[in-house]
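K.L.:
Below you will find the structure I want to go over with you.
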Amino acid sequence: MADIRNVEASKDGANVGEPTMSDTGKFSRRDFLRKSVLGLGLGALAGSVVPAAIRTALAEEPSPAPSPIPKVKRRRLGRTQIEISEIAGASDSLGERLLFTAAWQAGINYFHKADVLFHNEWARSILLKNREQIYLDVVIDNTGEDGAYNEFERKRQQIGSDYVDFFKVHSTWKTVEDFKTTRGALQAYDRLKKENKVRWLALSTHGANAPDVLVAAMESGLFDAIQPAVQNCGDNFARVLKVAQEKDVGVICMKTGAAVQGKRAEFAKFGDPAKPFQTYYRYLLSQPGVTAIVCLTKNMNNLRENLGASGQPMTKSEVDSLRLALARAPAGYRDCIACGQCHGACGGLAVADIMRYRMYAEDYGDHEMARTLYRQLPADRRLAAATGQGVQDRSCPYGLPLVAELKRADQWLG
Ligand code: SF4
């Protein structure tokens, strides 16, 4: 899931090392002078007839050098025995060449959704020259054996490698019963393993039953790594980590951006207030059983902040205090885990969808898509959201104030 800082950063194209106005929040004197010169159409003359005072000011006040990109530490990924970077790369955010190169040089050696990145020739050439030092996963959404097999092969061929390290089943199983009865993806994995096209089996999952499905998968002994959406696990995250440790299964936390939005005040008490993501990642990496975090990285400043979490563990008492602070913080629409438990009590109102549309608008800045989706809801459902009529305010077990959050959504989207 994207987060607002990344969406903003990608829109301003700030994927370069030098700070911009959006990096600092204000123009420096040098920015002002430079823009004044360009704004007056004097750029071509800057070396000749631009007033000496401006040239002197430009020369005297160099932009501050960007701080170096921190090196990332590595950890053993469970029984696979491989060592992966504590910060893993989300391929869907590293598609800019300089950014990917910086991430690789900083030590990131695990890439999630690898086909999204390595179909680029420039990324593939680094991959193939360093194939044994880089680890990749591809997401498998298909449930049937042939569908899953073909999906893997299509993605492997896009990457251009003889093998992909992880065949990662993604949220195919909504319940433990599903996991026990729907085996097509596992049969596809077995075939690919015999053909030496894959090395290990992983599971990424989110949704209401995620903790139970993850535990059942690990207890089956089939899985080498998991990617839990931490927010979806709620209080069960510790249980998931405990089983992972018992079974020596690697854990890469995903969907790690949304949890920070709305909780900045809590993170500010435990780390640099300007770097809430770094504080959250330090918190996650300090929990026994966690191997790595996968997080979106849209520009160099994101990369610095994310990598700054590596090798900076919190004490147990800090972890416990932050956990308590997060639990006590007021819940909002970003905390909706789309479990659907409130829908029946609210007359079938698609509360989870409306919360998601609000996130598209407020956090991702995509008002048009959010409004389009919201306006596709039946008029009586939009009226219920706007007025709170028929909404059971206390029906969310996670404490979301439904009436207030839905009314606010209607103000954004209606
Ligand atoms: S508002 Fe609460 S109960 Fe309703 S879908 Fe979201 S998390 Fe579940």
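All residue numbers for the sequence shown refer to our numbering, where the first residue is 2 and numbers rise by one. Where a beta carbon is used, it is the ideal one built from N, C-alpha and C, also for glycine.
1) So, do the segment 310-327 and the segment 360-374 have three or more beta carbon pairs nearer to each other than 8 Å?
2) By how many angstroms is the C-alpha of Pro277 removed from the C-alpha of Thr25?
3) Around the Cβ of Trp201, are there at least 16 other Cβ atoms within 10 angstroms (buried) or fewer (exposed)?
4) Checking the sheet assignment: what are the DSSP bridge partners for Arg76?
5) Use the C-beta contact count for Ala316: other C-beta atoms within 10 angstroms, 16 or more gives buried, fewer gives exposed.
6) If you drop the 5 nearest sequence neighbours on each side, which residues of the same chain put their C-beta closer than 8 Å to that of Leu41?
7) Within 10 Å of its beta-carbon, does Thr280 have 16 or more other beta-carbons around it, so buried, or fewer, so exposed?
8) Excluding the 5 residues preceding and the 5 following Gly148 in the sequence, name in chain order all residues of the same chain whose CB lies nearer than 6 Å to its CB.
9) Beta carbon of Val199, beta carbon of Val250: below 7 Å?
10) Please report how far the alpha carbon of Lys408 lies from the alpha carbon of Ile355, in whole angstroms.
11) Check Asp394 in the structure and name its three-state DSSP category.
12) Consult DSSP for Phe278 and reduce its assignment to one of helix, strand or coil.
13) According to the neighbour-count rule (16 or more other Cβ atoms, all chains shown, within 10 Å of its Cβ), is Ser311 buried or exposed?
14) If we count the other Cβ atoms within 10 Å of its Cβ and call it buried at 16 or more, is Trp1 buried or exposed?
15) For the alpha helix (DSSP H) that Gln228 lies in, which residues bound it at each end?
16) Are the beta-carbon atoms of Leu204 and Ala189 separated by less than 7 Å?
17) Less than 6 Å between the CB of Ala353 and some heavy atom of the ligand SF4, yes or no?
18) Below 6 Å CB to CB, which residues in the same chain sit around Arg6 once its five sequence neighbours on both sides are set aside?
19) Would you mind sorting Tyr136 into buried or exposed? The rule is 16 or more other CB atoms within 10 Å of its CB.
20) Can you round the beta-carbon distance between Asp138 and Ala115 to whole angstroms, since I take them to be within the 8 Å contact cut?
21) Does DSSP put Phe271 in a helix, in a strand, or in coil?
22) Beta-carbon within less than 6 Å of Tyr361's beta-carbon, same chain only, minus the 5 sequence neighbours each way: which residues are those?
23) Could you round the C-beta distance between Val352 and Leu384 to whole angstroms and report it? I think they count as a contact, below 8 Å.
24) Kindly list the residues whose CB is nearer than 7 Å to the CB of Asn110, restricted to its own chain and excluding five residues on each side of it in sequence; keep chain order.
25) Relative to the ligand SF4, is the shortest distance from any of its heavy atoms to the C-beta of Gly108 smaller than 6 Å?
26) State yes or no: is the C-beta of Leu223 nearer than 6 Å to some heavy atom of the ligand SF4?
27) Cβ atoms of Ala332 and Tyr375: under 7 Å apart, would you say?
28) Is Leu384 helix, strand or coil when you go by DSSP?
29) Taking its Cβ as the centre, do 16 or more other Cβ atoms sit within 10 Å of Thr298, making it buried, or is it exposed?
30) Nearest to Ala209 by alpha carbon, out of Ser64, Leu414, Cys340?
31) Counting beta carbon pairs with one atom in the segment 239-250 and one in the segment 287-296, are three or more of them shorter than 8 Å?
32) Whose C-alpha, out of Gln342, Asn300, Met255, is nearest the C-alpha of Cys427?
33) In whole angstroms, give me the CA-to-CA distance for Ala380 and Trp413.
34) Please confirm whether any heavy atom of the ligand SF4 lies closer than 6 Å to the CB of Tyr136.
35) My output table needs one value for Arg184: the three-state DSSP class, helix, strand or coil.
36) By how many angstroms is the C-alpha of Leu129 removed from the C-alpha of Ser162?
P.N.:
On the basis of the data shown:
1) No: fewer than three Cβ pairs fall under 8 Å.
2) As a first step, residue 25 must be located in the sequence shown, where it is residue number 24. As a first step, residue 277 must be located in the sequence shown, where it is residue number 276. Residue placement at Thr25 is flagged as unreliable, the pLDDT there being 35, under the threshold of 50; the coordinate-derived value follows with that caveat. Per the coordinates, the alpha-carbon of Thr25 lies some 16 Å from the alpha-carbon of Pro277.
3) Counting from one through the sequence shown, the residue named residue 201 turns up at place 200. Under this definition Trp201 is a buried residue.
4) Your numbering for residue 76 matches position 75 in the sequence shown. The partner list for Arg76 (beta bridge, DSSP) reads Ile85.
5) Position 315 of the sequence shown, counted from the start, is the residue given in the question as residue 316. The amino acid occupying residue 316 in the given sequence is Thr; Ala does not appear at that position. Thr316 comes out exposed.
6) Position 40 of the sequence shown holds residue 41. Low confidence applies to Leu41: its pLDDT is 42, below 50, so where it sits in the model is not reliable enough to give any reading.
7) Translated into positions along the sequence shown, residue 280 becomes position 279. Buried: at least 16 other Cβ atoms inside 10 Å.
8) Stepping through the sequence shown from its first residue, residue 148 is reached at position 147. Scanning its chain for C-beta atoms nearer than 6 Å, with the 5 sequence neighbours on each side dropped, one finds no residue around Gly148.
9) The residue given as residue 199 occupies position 198 in the sequence shown. The residue given as residue 250 occupies position 249 in the sequence shown. No. Outside cutoff.
10) Counted from its first residue, the sequence shown places residue 408 at position 407. Counted from its first residue, the sequence shown places residue 355 at position 354. Looking at the two C-alpha atoms, the distance is approximately 10 Å.
11) Looking up residue 394 in the sequence shown gives position 393. Per DSSP, reduced to three states, the secondary structure at Asp394 is coil, with no helix or strand assignment.
12) Position 277 of the sequence shown holds residue 278. Phe278 falls in the helix class under three-state DSSP.
13) Numbered from 1 along the sequence shown, position 310 holds the residue referred to as residue 311. Ser311 should be labelled buried.
14) In the structure as shown, the chain starts at 2 and stops at 415, and residue 1 therefore has no counterpart that could be examined.
15) Position 227 of the sequence shown, counted from the start, is the residue given in the question as residue 228. No alpha helix (DSSP H) contains Gln228, which is instead part of the beta strand (DSSP E) from 226-229.
16) Start at 1 with the first residue of the sequence shown, and residue 204 comes out as number 203. Start at 1 with the first residue of the sequence shown, and residue 189 comes out as number 188. No, Cβ-Cβ distance for Leu204 and Ala189 is not below 7 Å.
17) Indexing the sequence shown from 1 puts residue 353 at position 352. Yes, the beta carbon of Ala353 sits closer than 6 Å to at least one heavy atom of the ligand SF4.
18) Here residue 6 corresponds to residue number 5 of the sequence shown, with the count starting at 1. Bear in mind that a pLDDT of 42 at Arg6, under 50, signals an unreliable position, so the model cannot answer this.
19) Translated into the one-based positions of the sequence shown, residue 136 becomes position 135. Per the 10 Å Cβ criterion, buried.
20) As a first step, residue 138 is located in the sequence shown; it is residue number 137 there, counting from the start. As a first step, residue 115 is located in the sequence shown; it is residue number 114 there, counting from the start. Confirmed, about 6 Å.
21) Sequence index remark: in the sequence shown, residue 271 carries index 270 (1-based). Three-state DSSP puts Phe271 in coil, outside helix and strand.
22) Residue mapping note: residue 361 aligns to position 360 of the sequence shown, counting from 1. Correct list, in chain order: Asp367, Met370, Ala371.
23) By one-based count along the sequence shown, residue 352 stands at place 351. By one-based count along the sequence shown, residue 384 stands at place 383. Contact between Val352 and Leu384 is absent: CB atoms are separated by about 14 Å, not below the 8 Å threshold.
24) As a position in the sequence shown, residue 110 is number 109, starting the count at 1. Ile85, Ser86, Gln134, Ile135, Tyr136.
25) Along the sequence shown, one-based indexing puts residue 108 at 107. Distance from the C-beta of Gly108 to the nearest heavy atom of the ligand SF4 is not below 6 Å.
26) Residue mapping note: residue 223 aligns to position 222 of the sequence shown, counting from 1. Taking 6 Å as the cut-off, the C-beta of Leu223 does not count as close to any heavy atom of the ligand SF4.
27) As a first step, residue 375 must be located in the sequence shown, where it is residue number 374. As a first step, residue 332 must be located in the sequence shown, where it is residue number 331. No, Cβ-Cβ distance for Tyr375 and Ala332 is not below 7 Å.
28) Here residue 384 is taken as the residue at index 383 of the sequence shown, counted from 1. Residue state for Leu384 is assigned as helix, using DSSP reduced to three classes.
29) Stepping through the sequence shown from its first residue, residue 298 is reached at position 297. By the beta-carbon neighbour count (other beta carbons within 10 angstroms, threshold 16), Thr298 is buried.
30) Walking along the sequence shown from the start, residue 209 turns up at place 208. Of the listed residues, the one whose Cα sits closest to Ala209 is Cys340.
31) Taking 8 Å as the limit for Cβ pairs, the verdict is that the segment 239-250 does touch the segment 287-296.
32) Residue 427 lies beyond the residue range present for the chain, which begins at 2 and ends at 415; the question has no answer from this structure.
33) On the sequence shown, position 379 is the one that residue 380 refers to. On the sequence shown, position 412 is the one that residue 413 refers to. Pairing Ala380 with Trp413, the inter-Cα distance amounts to about 16 Å.
34) Position 135 of the sequence shown, counted from the start, is the residue given in the question as residue 136. False, no ligand heavy atom lies under 6 Å from that Cβ.
35) Taking the first residue of the sequence shown as 1, we reach residue 184 at position 183. Three-state result, Arg184: coil.
36) Working through the sequence shown from its first residue, we reach residue 162 at position 161. Working through the sequence shown from its first residue, we reach residue 129 at position 128. Note on geometry: alpha-carbon atoms of Ser162 and Leu129 lie some 7 Å from one another.
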